[in-house]
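Novice: Right, I'll just put the structure down here and ask away after.
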Amino acid sequence: MSPERVRRTQDTFSIGDLSREFDITTRSIRFYEDQGLIIPERRGQTRIYKQKDRVRLKLILRGKRLGFTLAETKTLFDMYERDGSSVNQLQTMLALIEDKKAALRQQLEDIKVVLHELSAVESGCRTELATKTANSAN
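When the letters of the sequence shown are read in order and numbered with this note's numbering, they come out as residues 458 to 595.
Right, here's the structure in full:
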């Protein structure tokens, strides 16, 4: 049986299980817990994570890759908890996506400008180096 199939049928997970599956530290998982993003059961000092926590952790990591802050992710989770229809969540998500796309477009423009400036400086340096090299050879 594949590891993914085992995970889908498994009911509970240890912090170590999730750490290995998502290749993150247990400290990161505890941080997400401190932020209220995942809320495992407690049996004494042991944390017991359910399938819901696993899914939330997967969404947290995906959101981070897409540039969402943990606060934005928490807002989406909280909205989903309050409004099971998720209409508000989808509208909020669309607004966040548009904001992220606008920020990325601006970053792309900034990168293009910097690359152009670097190319101009590089060209000037190469020209000056060639001139100095030619003068020192004479």
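Note that the Cβ used here is the ideal one computed from N, Cα and C, for glycine as well.
Give the DSSP bridge partners of Arg504, in chain order.
Specialist: According to DSSP, which records beta bridges pairwise, Arg504 is partnered with Arg499.
Novice: Note down, one range per segment and in chain order, each alpha helix (DSSP H) of at least 4 residues found wholly within the stretch 504-554.
Specialist: Complete alpha helix (DSSP H) runs here, min 4: 508-522 and 527-539.
Novice: Out of curiosity, what's the CA-to-CA distance linking Ile505 and Ala559?
Specialist: Rounded to whole angstroms, Ile505 to Ala559 spans 39 Å at the Cα level.
Novice: Can you check which of these residues, Ile472, Lys589, Ser476 and Ser543, is closest to Gln502 by C-alpha distance?
Specialist: Comparing Cα positions, the closest option is Ile472.
Novice: Exposed or buried, which one is Gln563 when buried takes at least 16 other CB atoms within 10 Å?
Specialist: With fewer than 16 Cβ atoms within 10 Å of its Cβ, Gln563 is classed as exposed.
Novice: Quick check on Thr469: does DSSP put it in helix, strand or coil?
Specialist: Three-state DSSP puts Thr469 in a strand.
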